Amino acid sequence: MSRATKEHAMIFRLSSAALIAAALPAAAAAQTPAEPPVTVVVSIPLPPGASRPRIEAAIRKAVPDYRKVPGLLRKYFTIGSSDFGGVYLFTTRAAAQSWFGEAWKARIAATYHATATITYYDVPVVLDNAPVPAAAQAQP
Numbered sequence: 052m053s054r055a056t057k058e059h060a061m062i063f064r065l066s067s068a069a070l071i072a073a074a075l076p077a078a079a080a081a082q083t084p085a086e087p088p089v090t091v092v093v094s095i096p097l098p099p100g101a102s103r104p105r106i107e108a109a110i111r112k113a114v115p116d117y118r119k120v121p122g123l124l125r126k127y128f129t130i131g132s133s134d135f136g137g138v139y140l141f142t143t144r145a146a147a148q149s150w151f152g153e154a155w156k157a158r159i160a161a162t163y164h165a166t167a168t169i170t171y172y173d174v175p176v177v178l179d180n181a182p183v184p185a186a187a188q189a190q191p
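Counting from 1 along the sequence shown, just add 51 to a position and that's the residue number in the numbering used here.
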């Protein structure tokens, strides 16, 4: 083997070792379990006399405010026969708990004269099969 070939082989081995060494911290970080996203389900009793069109109008009016919530990835606004609320997907439990803190609870109590039920769920897997139907998409 010529000297040039030996030097080339040595450089290749050193370069490969350097690339592997540089990739180890990134690979270790990728394998470290990160905090999972969190789904929050909120239910608030409908105020007496609240009509569905009135609730829907309030929901549409609130959309720009929810676009600014730190850590909120997605929100489904919900209306039932006796309650309304939402299903939220947050980046972390801390972000969700920060949003649904005492100030939020006080605002709900003052606005709707009711107590919200808030349930947190860890989300180990997200499956998204289809786009959101056009009728349900929030307008900018």
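Yeah, the Cβ is synthetic: ideal placement off N, Cα and C, and Gly gets one too. From a predicted model like this one, the values you see are computed outputs, not experimental measurements.
Query	Result
Length of the line joining the Cα atoms of Asp161 and Arg105	This sequence places Ala at residue 161; Asp is not what is there. Rounded to whole angstroms, Ala161 to Arg105 spans 18 Å at the Cα level.
Simplified DSSP state of Asp179, which is helix, strand or coil	coil
Cα-Cα separation between Arg118 and Gln148, rounded to whole angstroms	17 Å
Cβ-Cβ separation, Gly122 to Thr129 (assumed contact under 8 Å), whole Å	Contact flag wrong, Cβ pair sits at about 20 Å.
Alpha-carbon spacing of Tyr127 relative to Ile95, whole angstroms	14 Å
Spatial neighbours of Ala145 in its chain, beta-carbon cut-off 7 Å, leaving aside the 5 residues before and after	none
Buried or exposed by the 16-neighbour rule on C-beta atoms within 10 Å, applied to Val93	buried
Val93, DSSP secondary structure in three states	strand
As assigned by DSSP and simplified to three states, the class of Lys119	coil
For His164 and Pro98, believed in contact at Cβ under 8 Å, the rounded distance	7 Å
Same chain, Cβ closer than 8 Å to Pro76, neighbours up to 5 away in sequence not counted	Its pLDDT being 47, under 50, Pro76 is placed unreliably in this model, and the coordinates cannot settle the point.
Where Thr142 falls: helix, strand or coil (DSSP)	coil
From Glu153, Ala108, Pro115, Val177, residue whose alpha carbon lies closest to that of Phe141	Val177
Enclosing beta strand (DSSP E) for Thr168 [first to last residue]	168 to 173
Closest by C-alpha distance to Tyr139, when choosing among Gly131, Ser133, Trp150	Trp150
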